[in-house]
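In this text, residue positions in the sequence shown follow our numbering: the first is 12, and each later residue adds one. Below is one structure; the comments refer to it alone.
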Amino acid sequence: MKKRALSDQISKKHAFRWGRKKTCRFFVCIAVAVWGLLYLPNLSTTPRWYSDETQTLGCGQDLVEGVFANRAVFNTFINPQFCYQPGYVFMVGLASKWSDRQIGWPRLINSLLALGIALASITVLGRRIGYTSGLLISLIFLTYEQSVIHFRWVYAHNAAALGFFICFACQCLGSCRKRSWQSGWGLAIAAASHPLALHAGLAAFVNRWKKPSTWVPTFLPPLLVGILCLSPVLVWNFHWWWGDLHDLKDFYESYSRENGSGWQWPLNFYRFLTQDALHLFAALALIRCFFSPIRPIAIGALLTLALLTKNRQNLTLFYYQAVVVLPLLISCLGYGLVFLQKKFHCRHRWVRWAPFLLPIFLFIKVSPKVWENRLVSRNDPWVVQSVQDHQKTADWLNQHTVKEDLVICHWNIGWLLRCRNADPLMCVAWEGMTTSTYEKGLPRERFRYDADIRQARFFVLTDIDRIWSLGQPNVQSIFNDNNLSGWGPVFQSGTCLILAPPYHPIGGR
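See below:
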């Protein structure tokens, strides 16, 4: 009888585990279906291109060819002009190179990062709080409009967000050696992508500061990956890297003094958490989560957001900088909704699924914008106003230039070109003057080739130049009547205008 009872008990355990696996797989299929419906349609054109992603693609194309460069300038990947890390930059650069500069493939990689967060919510965090709660968090994240917008763009922040989430989700599962290594590899993903990994590392240490046995498995992987990514740059020119690191430090310290001094820091924090209902309720749920099984996620969200708002007032407008904390906040929101549902439960079983009304509402709201190519970001004035106009302009330039020609243009055009190109800010730095992100200037030895407007074959004016580039310090002193005397229009497509000097005939190219 005892053997039979033991056998029945074992059978029940196997049946229970098999049932949980089937449930998990079913929930994964739901998340993949929602992701496919929201993150794949019109991927190349919606949202319209943003300058940071096109700059990343340009740097990635050079990196794949073995050149550490940001167009005309040698790049250490740790300067105010460009601080995304080589691991992520190489990955999207490879996708761009293989696809012959088709932006859809690098964007697909970023949308897969969103899917990775959604699946980790179910398969990793779901082990701690239940697969149903994990599915809820996954669907809220996938259907929130800011997620759909920013995880289509090419941003190192997106890979860092995946690393952040894996790190803190694994910390929720316990402090054993296995989970600590998994948490460390999450940090490693962030370290290969963006310096914001330091924020996650600080939060991970706060979560485990009483358990020294977890320190090595948690922090060794990001340290090794970070060194591996940077070692080619350090061997190539450590002096430049060290100087740029100090410039980047000074750059953000000045931002902190300007944007986070006095009461401005808590005001930035308040404005971010009250930007919409989702963030407000996530902030309220965050308080409850400090006394819950997902406490590491709550601590990670709070510390990361506090450090972000220390030197940024514009997180709500330029939200891509905040995507690292978005999955953490949504995890708190999802857990809070489940907590309320359980606290005020009734006899009707359907109430268990009431929290899923939120992702259903979000899906209904955002899906037409995706399918009809109407997805608009908050920073819309700064994005490309017409993708087609930029593509036509780049095609014309490629037909009328050779590899050695110099074109002065914004990187929204430059990443598509097969010739030398530089933006107006680089031209200012070439002349020995300071401007935005070149506050300390730049010596001539840091240039791969001349960024001299007087040697340029073409100068391209786009919408972002009119509202931003030409208004930066000292740009007007370079692009003036003396240097552009006699230049005339040779091609125009929408807001993109190409000017050519009188001493460079167009024919024959």
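In this text, a Cβ means the ideal position worked out from N, Cα and C, and glycines have one as well. Note that the structure is a prediction, hence the values are computed from the model and not measured.
With contacts defined as CB atoms closer than 8 Å, Gly145 and Ser158 fail to qualify as a contacting pair.
For Ala333, no alpha helix (DSSP H) segment is defined, and its DSSP state is neither H nor E. Burial is judged here by how many other beta carbons sit within 10 angstroms of a residue's own beta carbon; Trp109 has fewer than 16 and is exposed.
Rounded to whole angstroms, the separation of the alpha carbons of Val486 and Pro233 is 40 Å. Setting aside the 5 residues that flank it on each side, Arg299 is surrounded in the same chain by Gly347, Phe350, each with a C-beta closer than 7 Å to its C-beta; the list follows chain order.
The count of Cβ pairs closer than 8 Å, one atom from the region 166-184 and one from the region 303-311, reaches three, so the stretches are in contact.
Counting of Cβ neighbours within 10 angstroms places Leu368 among the exposed residues, the total staying below 16.
The C-alpha of Pro379 is placed about 20 Å away from the C-alpha of Leu119. Here Phe469 is bridged, per DSSP, to Val418.
CA-to-CA, the gap between Glu64 and Phe93 works out to about 11 Å.
DSSP, read as helix, strand or coil, puts Asn325 in coil. The residue among Ile200, Val501, Arg363, Arg190 with its C-alpha nearest the C-alpha of Val335 is Ile200. Arg389 is a Cβ neighbour of Thr327, given a cutoff of 8 Å. Linking His421 to Ser242 through their CA atoms gives a straight-line distance of about 30 Å. For Phe38, the CB contacts under 6 Å within the same chain, skipping 5 residues up- and downstream, are Ile133, Tyr142, Leu146 in chain order. With fewer than 16 other beta carbons inside 10 angstroms of its own, Tyr281 counts as exposed.
The Cβ neighbour count for Thr285, taken over all protein chains shown within 10 Å, is under 16; the residue is labelled exposed. In this structure Ile151 touches Gly345 by the C-beta definition: roughly 6 Å separates them, less than 8 Å.
Just so you know, the alpha carbons of Ser149 and Leu123 end up roughly 14 Å apart. Taking the Cα positions, Gln324 is about 45 Å away from Lys33.
In the structure shown, Phe152 adopts helical secondary structure according to DSSP, grouped into three states. Counting other Cβ atoms within 10 Å of its Cβ, Ile128 reaches 16 or more and is therefore classed as buried. Under DSSP, Leu510 shares a beta bridge with Phe470, Pro500. Note on Ile371: under 16 other CB atoms within 10 angstroms of its CB, so exposed under the neighbour-count rule. Under DSSP, Phe458 takes part in a beta bridge, and its partners are Val84. For Tyr449, the secondary structure class from DSSP, reduced to helix, strand or coil, is strand. Collapsing the DSSP output to three states places Tyr61 in a strand. By the Cβ-count criterion, Gly77 is exposed, with fewer than 16 other Cβ atoms from all chains shown falling within 10 Å of its own Cβ.
DSSP places Val387 outside both helix and strand once states are collapsed to three, so it counts as coil. The alpha helix (DSSP H) runs of length 4 or more contained entirely in the region 148-195 are, from start to end of the chain, 156-161, 167-183.
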